[in-house]
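Numbering (our numbering), first residue to last: 8 to 409. By construction, the Cβ of each residue, glycine as well, lies at the ideal position given by its N, Cα and C atoms.
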């Protein structure tokens, strides 16, 4: 019977080996130890390595050449993401810039914005933050209340944002604001770019249960130039949806195009622990049926994540931005089942799996599972809840009635 060939072209495989060698040289034990203590969700935050990746031209390789890209295929991007994920390499310092804001500016930005912002993003010289969630607006993007009122050749911004990541390390902030107070809620929103050091911006740190810093950001009469808009005025919601799909497709952790490779590394680690550790009856854990079932389910999940990622990539190859329908399906699969398998790993590892990052030498898998367990609780809500992804899948993919 005919089978599907998932092998990559020789050109892509040669590129994969180049990326693998690059990471092997730079992700030394000392650097990995630094990432281990950075308390980021899945990958470290390191501007130096982001710049080095930018020097290779890899951050924006699939962008058009005229915008600073290399015109590479989406499969080169998949290979890059897979190697980065498998190495647990740092992505957080360029995630928003290269995978969210940058593609938005490529598609909707003015010529002046393209000249100003795209080159430093391509070179890995800047970090961007994104301000979306608010105290009264989470998954329901149309409920954003932070407002921007026009005053001559400036916008005046007032409001607040919650759970904004990395703004303390960012040169720029992409902000969702309400620019038409009378329009229907989804039609009066706009995207803006601002300097987070602008007068009137106040950043207050918030700490999650796993020691990860997010922030609440307050805006009080913050004045920005009129040309700070990204895309059309009052069309920000629609620009945002396309950009969120792009970010989800190329996201950090299991949700990205190559994220399944990170999950595969963790699965392999669990298998090694199960084969080498004895259970209460003295036999290897892997001989217990419940462990075998859990590992089998995890393996199915990882394989399905890979196939869904390749499906998204194949559609992107034909259409540019990430597809809404396929990305929603992948998002549902990752957010729902990743939590199940993190719980399974925690149960299998037992008390040893609860040892934290302070004592990795005393924990299996260098305490990675304890970190993953806590991070997934909040991580499952990044970019929207799993329930929202389920609703999108039900309506747009399965065409179910409301």
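CB contact flag (residue i, residue j, <8 Å)
i: residue 321; j: residue 400; result: no
i: residue 324; j: residue 14; result: no
i: residue 205; j: residue 195; result: no
i: residue 319; j: residue 93; result: no
i: residue 88; j: residue 265; result: yes
i: residue 182; j: residue 96; result: no
i: residue 223; j: residue 269; result: no
i: residue 227; j: residue 207; result: yes
i: residue 134; j: residue 90; result: no
i: residue 4; j: residue 131; result: Absent from the model: residue 4. The displayed extent of the chain is 8 to 409, so no value can be given.
i: residue 202; j: residue 117; result: no
i: residue 291; j: residue 281; result: yes
i: residue 110; j: residue 250; result: yes
Residue i to residue j span [Cα, whole Å]
i: residue 47; j: residue 99; result: Only weak support exists for where residue 47 lies, its pLDDT of 43 falling under 50; the value from the coordinates is given anyway. Whole-angstrom Cα-Cα distance: 8 Å.
i: residue 78; j: residue 297; result: 48 Å
i: residue 404; j: residue 293; result: 38 Å
i: residue 150; j: residue 158; result: 23 Å
i: residue 407; j: residue 173; result: 38 Å
i: residue 112; j: residue 143; result: 28 Å
i: residue 10; j: residue 75; result: 38 Å
i: residue 73; j: residue 396; result: 34 Å
i: residue 225; j: residue 352; result: 39 Å
i: residue 316; j: residue 85; result: 9 Å
i: residue 30; j: residue 37; result: 13 Å
i: residue 160; j: residue 128; result: 27 Å
i: residue 136; j: residue 375; result: 26 Å
i: residue 369; j: residue 361; result: 10 Å
i: residue 229; j: residue 210; result: 13 Å
i: residue 64; j: residue 171; result: 28 Å
i: residue 175; j: residue 212; result: 9 Å
i: residue 152; j: residue 145; result: 11 Å
i: residue 215; j: residue 299; result: 33 Å
i: residue 66; j: residue 60; result: 6 Å
i: residue 54; j: residue 126; result: 16 Å
i: residue 20; j: residue 26; result: 10 Å
i: residue 347; j: residue 357; result: 15 Å
i: residue 115; j: residue 371; result: 47 Å
i: residue 337; j: residue 308; result: 11 Å
i: residue 285; j: residue 409; result: 51 Å
i: residue 339; j: residue 392; result: 9 Å
i: residue 402; j: residue 289; result: 51 Å
i: residue 24; j: residue 247; result: 35 Å
i: residue 377; j: residue 314; result: 28 Å
i: residue 28; j: residue 121; result: 32 Å
i: residue 260; j: residue 106; result: Any reading at residue 260 must be qualified, since the residue scores a pLDDT of 45, below 50, and its modelled position is unreliable; the value itself is stated next. Whole-angstrom Cα-Cα distance: 14 Å.
i: residue 32; j: residue 184; result: 43 Å
i: residue 156; j: residue 17; result: 54 Å
i: residue 279; j: residue 295; result: 14 Å
i: residue 373; j: residue 141; result: 35 Å
i: residue 283; j: residue 22; result: 35 Å
i: residue 68; j: residue 287; result: 51 Å
i: residue 245; j: residue 62; result: 33 Å
Anticipated Cβ contact below 8 Å, residue i with residue j, distance rounded
i: residue 349; j: residue 388; result: Their Cβ separation, rounded to whole angstroms, is 15 Å, which puts residue 349 and residue 388 out of contact at 8 Å.
i: residue 139; j: residue 197; result: Actually they do not touch by this definition, with Cβ atoms about 13 Å apart.
i: residue 381; j: residue 301; result: Actually they are not in contact, since the Cβ atoms of residue 381 and residue 301 sit about 20 Å apart, beyond 8 Å.
Minimum Cβ-Cβ distance from residue i to chain D less than 8 Å
i: residue 31; result: In the structure shown, chain D cannot be found, because there is only a single protein chain.
Proximity to residue i [Cα-Cα], best of the options
i: residue 57; options: 37, 104, 24, 27; result: 104
i: residue 220; options: 69, 152, 169; result: 169
i: residue 192; options: 127, 148, 140; result: 148
i: residue 274; options: 286, 287, 295, 303; result: 303
i: residue 379; options: 326, 402, 345; result: 345
i: residue 341; options: 394, 32, 357, 355; result: 394
i: residue 238; options: 54, 108, 372; result: 108
i: residue 240; options: 162, 291, 381, 212; result: 162
i: residue 189; options: 154, 277, 247, 289; result: 154
i: residue 310; options: 267, 199, 218, 332; result: 267
i: residue 180; options: 200, 165, 164; result: 200
i: residue 164; options: 276, 123, 232, 283; result: 232
i: residue 263; options: 287, 373, 333, 17; result: 333
i: residue 343; options: 312, 359, 373; result: 312
i: residue 277; options: 314, 246, 359, 288; result: 359
i: residue 363; options: 326, 28, 156, 218; result: 218
Proximity test, residue i beta-carbon vs the ligand FAD heavy atom, cut-off 7 Å
i: residue 56; result: Absent from the structure shown: the ligand FAD. Ligands present: none.
*asked:* Which runs of the beta strand (DSSP E) at least 3 residues long sit entirely within the stretch 177–228? Give them in chain order.
replied: The qualifying runs are 179–185, 196–201, 208–214.
*Pick out the complete beta strand (DSSP E) segments inside the stretch 298–379, 3 residues or longer, and give them in chain order.*
Counting whole runs of 3 or more residues, the stretch 298–379 contains no beta strand (DSSP E) stretch at all.
*Mind pulling the beta strand (DSSP E) runs of 3 or more residues that sit fully within the stretch 85–116?*
Considered as a whole, the stretch 85–116 harbours no complete run of any beta strand (DSSP E) with no fewer than 3 residues.
*asked:* List, from N- to C-terminal side, the alpha helix (DSSP H) runs of 4 residues or more that fit wholly inside the stretch 115–178.
replied: With a minimum length of 4 residues, the continuous alpha helix (DSSP H) runs that stay inside the stretch 115–178 are 118–129.
*Would you list, in sequence order, the uninterrupted alpha helix (DSSP H) runs of no fewer than 4 residues that lie entirely inside the stretch 265–300?*
The qualifying runs are 266–283.
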